[in-house]
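Using the UniProt record's numbering, you'd call the opening residue of the sequence shown number 1 and step up by one each time.
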Amino acid sequence: MKIKGALCAILSAFLYGFTPILASLTYEMGNNSLSMTFYRNLFAIPFLYVLLKYNKLDLKIEKQDLKYIIMVSVFGITATTALLYSSYPYIGVGATTTLHFMYPVFVAVLCRYAFGENLSRQKIIALCLACFGVFCFMDFQHIENILGVIMAVTSALTYAFYMVMVEKSGLVKISPYKLSLYIAIFAALTMLIGNIFIGYIVVNLPLKSFVFMIIVAFFTSFLAMILMQVGIREIGSTSAAIFSLFEPITSVITGVLLLNEAVSITEVIGCIVIFFSISYLAVSGKK
Numbered sequence: 001m002k003i004k005g006a007l008c009a010i011l012s013a014f015l016y017g018f019t020p021i022l023a024s025l026t027y028e029m030g031n032n033s034l035s036m037t038f039y040r041n042l043f044a045i046p047f048l049y050v051l052l053k054y055n056k057l058d059l060k061i062e063k064q065d066l067k068y069i070i071m072v073s074v075f076g077i078t079a080t081t082a083l084l085y086s087s088y089p090y091i092g093v094g095a096t097t098t099l100h101f102m103y104p105v106f107v108a109v110l111c112r113y114a115f116g117e118n119l120s121r122q123k124i125i126a127l128c129l130a131c132f133g134v135f136c137f138m139d140f141q142h143i144e145n146i147l148g149v150i151m152a153v154t155s156a157l158t159y160a161f162y163m164v165m166v167e168k169s170g171l172v173k174i175s176p177y178k179l180s181l182y183i184a185i186f187a188a189l190t191m192l193i194g195n196i197f198i199g200y201i202v203v204n205l206p207l208k209s210f211v212f213m214i215i216v217a218f219f220t221s222f223l224a225m226i227l228m229q230v231g232i233r234e235i236g237s238t239s240a241a242i243f244s245l246f247e248p249i250t251s252v253i254t255g256v257l258l259l260n261e262a263v264s265i266t267e268v269i270g271c272i273v274i275f276f277s278i279s280y281l282a283v284s285g286k287k
């Protein structure tokens, strides 16, 4: 197991873990989930472009790669973010996040049955333990809305599609700075085109809301996305997905520190089990 890849996946998870709180705060100021998806990608573009130029990289891309980039941008990142943010009002952030974290299972299934990848016994054990840990976060009182459940589970499937396609299509060979830039551009364009028909992008927002959205863009569509791509390249999509389960642990810690949220005993157990499953995978990978 490559330490660099594992650390990148874990750090990416930490960055993804605390941003839903900032996103939800913008909703109270008049923003909405689809508008948030648009701004999150739009505001990441300048950061990514500056980083690209700082590293003296050009914008050239192969036609074959461009096809896959559009696929992961539209059906991966854009769909995931829109579905995830849209499910919050229906079943709450907690239940949504828990259902979304079914994506490591979908990653493993896609890799196994779509690409014939063999899963080691260690990965299967770690995956089962991690799923049990995530299950401990489930709030069954807030999953009565079937539409919210469907959107949350579908977000897990679309994110799994993104992770697997980045690895299996060869996009991992592209500079993560360049790949993230193109994904952000196509994701923003997709939401902009959709706005023509639905009109969901909110412009009249307070300055504080835009500040929060810039912070979210910087930590997710900029830093976290780059780190996750490096993690996928180094250790593969299945292992990266399991290591990224540090994200719900981060969400719990952030909720306690920033929102003074109470933590249940089952959530504590979930954190411990997830941490153990990740540690088990890391240790077994060194043998």
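All C-beta atoms, glycine included, are put in the ideal place defined by N, C-alpha and C. In this text, all values refer to a predicted model and were calculated from it rather than measured experimentally.
Can you tell which of the options has the C-alpha that lies nearest to the C-alpha of residue i?
i	options	result
R40	P176, I232, F212	F212
V273	K63, K123, C128, Y88	C128
C131	R112, L147, V149, V107	V107
F101	L189, T154, Y280	T154
F197	L34, L25, G17, S284	L34
V203	G17, M36, T19	M36
G30	S73, K208, P248, F18	K208
S73	Y27, P104, M163	M163
F161	F43, F75, I70	F75
I91	E117, D58, M151	M151
L83	N260, S237, V149	V149
F18	Y280, L257, L281	L257
Determine the direct distance from the alpha carbon of residue j to that of residue i, and round the result to whole angstroms.
i	j	result
A23	K53	29 Å
G199	Y68	28 Å
L205	F276	43 Å
F38	M191	6 Å
S267	K2	Looking at the sequence provided, one finds Glu at residue 267 rather than Ser. If I take the Cα positions, the gap works out to 29 Å.
T96	Y88	6 Å
N145	Q64	41 Å
K56	S180	16 Å
F210	F47	16 Å
T80	I278	24 Å
Can you tell me whether residue i is buried or exposed? The criterion is at least 16 other CB atoms within 10 Å of its CB, across all chains shown.
i	result
S120	exposed
G5	buried
I124	exposed
V50	exposed
K287	The pLDDT assigned to K287 is 48, lower than 50, so where the model puts this residue is not dependable; a value taken from the coordinates is nonetheless given after this. Result: exposed.
I193	exposed
I265	exposed
G133	buried
A240	buried
V283	exposed
Y85	buried
V216	buried
A184	buried
L66	exposed
With a threshold of 8 Å (Cβ to nearest heavy atom), would residue i be considered close to the ligand ADP?
i	result
I269	With respect to the ligand ADP, the structure shown offers nothing to examine, as it has no ligands at all.
Task: Contact the segment 160-175 vs the segment 232-249: 3+ CB pairs below 8 Å - done: Of all C-beta pairs linking the segment 160-175 to the segment 232-249, three or more are shorter than 8 Å, placing the two stretches in contact.
Open item on the list: Tell me whether the segment 243-256 and the segment 174-182 touch, counting them as touching only if at least three CB pairs, one residue from each stretch, are closer than 8 Å.
Closed with: The segment 243-256, when compared against the segment 174-182, does not touch it at the 8 Å Cβ threshold.
Open item on the list: Under 8 Å: do the segment 6-17 and the segment 210-226 share three or more Cβ pairs, one atom per stretch?
Closed with: They touch, by the three-pair rule.
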